[in-house]
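Heads up, the thing below is written out as structure tokens.
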Amino acid sequence: MGEKYFSLEERMRILSAGTKYDSCNSTTTCHTFTPDGRCIQLYKTLMTNRCSGECLYCPNRCGRDATRASLSAEEIAKITWDFYRRNAIEGLFLSSGIVGDPEHTAQKQLDVIKGLRDSGFPGYIHVRLMPGTPRDIIREVSLYANKFGINAETTCRSRYEEICPNFDYDIDILRRMSWTYENVKRRRSEVRYGEGIVGSNDTQFVVGASGEPDLEIISTIEHFMGEYGLRRPFFMSFDPVPDTPLSSGKPSPLWREVRLYQTSYLMKDYGLKCKDLEPVLTDGGFLPDEDPKMVMARLNKDLFPVDVNNASYEDLIKVPGIGPRTANQILRCRPILNYVQLSNMGVVLKRARPFIKVGNKVQASLEAFT
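FYI, in my numbering the residues of the sequence shown are 299 to 668.
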């Protein structure tokens with residue numbers, strides 16, 4: 299279906315829904331986290347859902363009979379400012395279909411965010427760049443965006459060719475991720491924290507679109523963290539779209555997406571490696587539908603219960619319900635006299651109690667719990 303006249307409100311609705319495969323929901327807003335852990339709300343939109351790409355899973359793929367719409371750079375800037383001034387959002391998440399070629403599209407994205415910054419916009423800006431974006435445009439984007447990156451979609455060249463036939467995984471994706479990291483490092487060396495915009499590298503996987511096991515995804519995340527400074531991976535469960543080549547495919551369960559997020563936090567915040575997580579996986583390389591940290595604790599019963607008044611930081615963060623922040627708070631506030639103190643610190647006692655000891659008190663034996 300060709301693009302026809304729609305009101306601004308109609309186009310906003312169409313293009314917000316079109317970001318489903320970039321931010322995991324189809325509402326007008328999404329959330330992200332700042333470096334200090336604060337959760338903020340962003341207005342999310344595509345510039346356009348017209349696209350020359352033929353990704354097999356995508357509702358916006360070229361040739362699909364779909365309602366098409368676009369927003370100009372000026373319209374996106376105005377909408378963002380209007381929402382921001384009403385305290386409805388704290389920033390912008392911007393993606394797009396590919397119109398013409400990646401360079402043209404990326405330049406239009408740059409026009410949006412540069413225009414916002416030039417007009418004094420102080421909010422958070424997250425940009426999803428296009429495969430094949432030129433190096434000089436990535437460098438310019440790094441001057442204005444808080445977070446930016448290119449979707450890897452899957453784990454390797456062969457799987458990528460199956461679902462995204464228009465692009466080259468090594469050149470259009472991995473090389474661009476390298477350039478993104480190059481600019482992130484440069485900006486961090488130029489700007490002191492709190493004095494300017496410092497971006498970070500991110501990417502997304504469409505989970506289940508090419509049949510990859512979780513072990514492959516986890517291994518790829520580890521590689522990306524080391525090679526490209528990946529800060530946070532995003533995950534989107536594959537959901538077959540009518541009138542696409544994968545319309546008869548099997549949807550990936552939403553819980554799988556959740557477990558991958560939990561696993562990625564263990565890698566990013568706890569420093570775990572792929573090999574540390576392998577015991578959690580099934581023989582086929584998939585995560586079970588259970589919190590991976592809880593599974594790891596049950597597989598290592600000999601480490602527990604942990605005495606919160608004597609344990610090291612490394613031992614405390616192995617306890618379900620205790621994360622890096624609460625572990626540090628425990629270390630600062632010892633001695634811990636009772637469970638109420640732990641609860642006030644943010645420890646999730648429902649999860650943690652079978653694995654900890656406060657003084658000589660243990661709620662239940664680990665054997666009984668497991």
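Quick reminder that beta carbons are idealized off the backbone N, C-alpha and C, glycines included. In this text the structure is predicted, and so the values were computed from the model without any measurement.
Residue closest to residue i, alpha-carbon to alpha-carbon, out of the options
{"i": "L390", "options": "I396, Y382 and D434", "result": "Y382"}
{"i": "V397", "options": "V593, V539 and T431", "result": "T431"}
{"i": "S476", "options": "E514, P420 and F522", "result": "F522"}
{"i": "V425", "options": "D581, C337 and V439", "result": "V439"}
{"i": "D416", "options": "Y355, L441 and A364", "result": "L441"}
{"i": "T378", "options": "Y355, M345 and C462", "result": "M345"}
{"i": "D587", "options": "L552, T403, K342 and V496", "result": "L552"}
{"i": "D589", "options": "Y526, D409, K616 and V482", "result": "K616"}
{"i": "H402", "options": "D380, K591, G418 and P429", "result": "P429"}
{"i": "E525", "options": "R474, V604, C337 and S456", "result": "R474"}
{"i": "I436", "options": "D613, S508 and G497", "result": "G497"}
{"i": "T452", "options": "V410, E510, V489 and T478", "result": "E510"}
{"i": "T478", "options": "L564, Q405 and I448", "result": "I448"}
{"i": "D380", "options": "R484, Y341 and M534", "result": "Y341"}
{"i": "Q339", "options": "E388, C454, T317 and F532", "result": "E388"}
{"i": "E612", "options": "K573, D567, E576 and Q639", "result": "D567"}
{"i": "T518", "options": "V482, M565 and S546", "result": "M565"}
{"i": "G569", "options": "R433, R529, D468 and I374", "result": "R529"}
{"i": "V539", "options": "A364, M310 and R311", "result": "A364"}
{"i": "D500", "options": "N481, S508 and K591", "result": "N481"}
{"i": "P400", "options": "R433, I411 and I423", "result": "R433"}
{"i": "K571", "options": "F532, K406 and E514", "result": "E514"}
{"i": "F533", "options": "G527, C631, V505 and N608", "result": "V505"}
{"i": "F446", "options": "Q407, I374 and N608", "result": "Q407"}
Same chain, Cβ closer than 6 angstroms to residue i, neighbours up to 5 away in sequence not counted
{"i": "F304", "result": "A367"}
{"i": "R348", "result": "R366, G395 and V397"}
{"i": "N464", "result": "G351 and E352"}
{"i": "G619", "result": "V645, V646, R649 and A650"}
{"i": "V489", "result": "V496"}
C-alpha distance - residue i paired with residue j, whole-angstrom precision
{"i": "A650", "j": "R359", "result": "47 angstroms"}
{"i": "M643", "j": "K655", "result": "16 angstroms"}
{"i": "N385", "j": "G421", "result": "11 angstroms"}
{"i": "I516", "j": "L635", "result": "39 angstroms"}
{"i": "D537", "j": "S314", "result": "18 angstroms"}
{"i": "S324", "j": "T343", "result": "Note that S324 has pLDDT 45, beneath the 50 cutoff, so the model's placement of it is unreliable and no number is given."}
{"i": "Y307", "j": "L369", "result": "Here the sequence assigns Glu to residue 307, which means Tyr is not the residue at that position. Cα to Cα, the separation comes out at about 11 angstroms."}
{"i": "P622", "j": "S610", "result": "12 angstroms"}
{"i": "P603", "j": "D581", "result": "29 angstroms"}
{"i": "I471", "j": "S641", "result": "44 angstroms"}
{"i": "Q502", "j": "Y458", "result": "13 angstroms"}
{"i": "R485", "j": "A443", "result": "11 angstroms"}
{"i": "S550", "j": "P577", "result": "22 angstroms"}
{"i": "P652", "j": "L601", "result": "12 angstroms"}
{"i": "G657", "j": "C462", "result": "57 angstroms"}
{"i": "A404", "j": "L427", "result": "7 angstroms"}
{"i": "Y563", "j": "L575", "result": "12 angstroms"}
{"i": "S546", "j": "V593", "result": "33 angstroms"}
{"i": "R309", "j": "K376", "result": "14 angstroms"}
{"i": "I411", "j": "C337", "result": "21 angstroms"}
{"i": "R632", "j": "N608", "result": "9 angstroms"}
{"i": "P531", "j": "K548", "result": "23 angstroms"}
{"i": "A450", "j": "E520", "result": "14 angstroms"}
{"i": "R630", "j": "K591", "result": "24 angstroms"}
{"i": "G527", "j": "K483", "result": "9 angstroms"}
{"i": "I374", "j": "S487", "result": "31 angstroms"}
Sequence-distant residues of the same chain with beta carbon closer than 8 angstroms to residue i, five excluded per side
{"i": "D512", "result": "R554, R557, L558, T561, L579, G583, F584 and L585"}
{"i": "T542", "result": "L354, Y355, C356, P357, R359 and R362"}
{"i": "E372", "result": "G413"}
{"i": "E665", "result": "Residue placement at E665 is poorly supported in this model, since its pLDDT is 44, which falls under 50; the coordinates still yield a value, given next. Cβ neighbours of E665 beyond the five flanking positions: K599."}
{"i": "L544", "result": "L354, Y355, I461, A507, F536 and P538"}
{"i": "Q639", "result": "C631"}
Strand pairing of residue i, partner residues [DSSP]
{"i": "I448", "result": "L427"}
{"i": "R530", "result": "D500"}
{"i": "K655", "result": "D605"}
{"i": "Y422", "result": "G389"}
{"i": "V539", "result": "DSSP output for V539 lists no bridge partner at all."}
{"i": "V439", "result": "None, per the DSSP bridge assignment."}
{"i": "V505", "result": "S535"}
Min CB distance residue i to chain D below 9 angstroms
{"i": "C631", "result": "Here there is only one protein chain, and chain D is not present."}
Residues near residue i in its chain [Cβ-Cβ closer than 7 angstroms; skip 5 each side]
{"i": "T668", "result": "Low confidence applies to T668: its pLDDT is 44, below 50, so where it sits in the model is not reliable, and the reading given next is rough at best. Once the five neighbours on either side are set aside, the close Cβ partners of T668 are R596 and K599."}
{"i": "I628", "result": "V606, L614, I634 and M643"}
{"i": "D409", "result": "A371"}
{"i": "A625", "result": "Y611, L614 and I615"}
{"i": "D468", "result": "R455"}
{"i": "G418", "result": "none"}
Scan the region 328–406 and note each continuous alpha helix (DSSP H) run of 4 residues or more that stays entirely inside, going in chain order.
371–383
Complete alpha helix (DSSP H) runs within the region 612–655 (minimum length 4 residues, chain order)
622–631, 637–643 and 647–650
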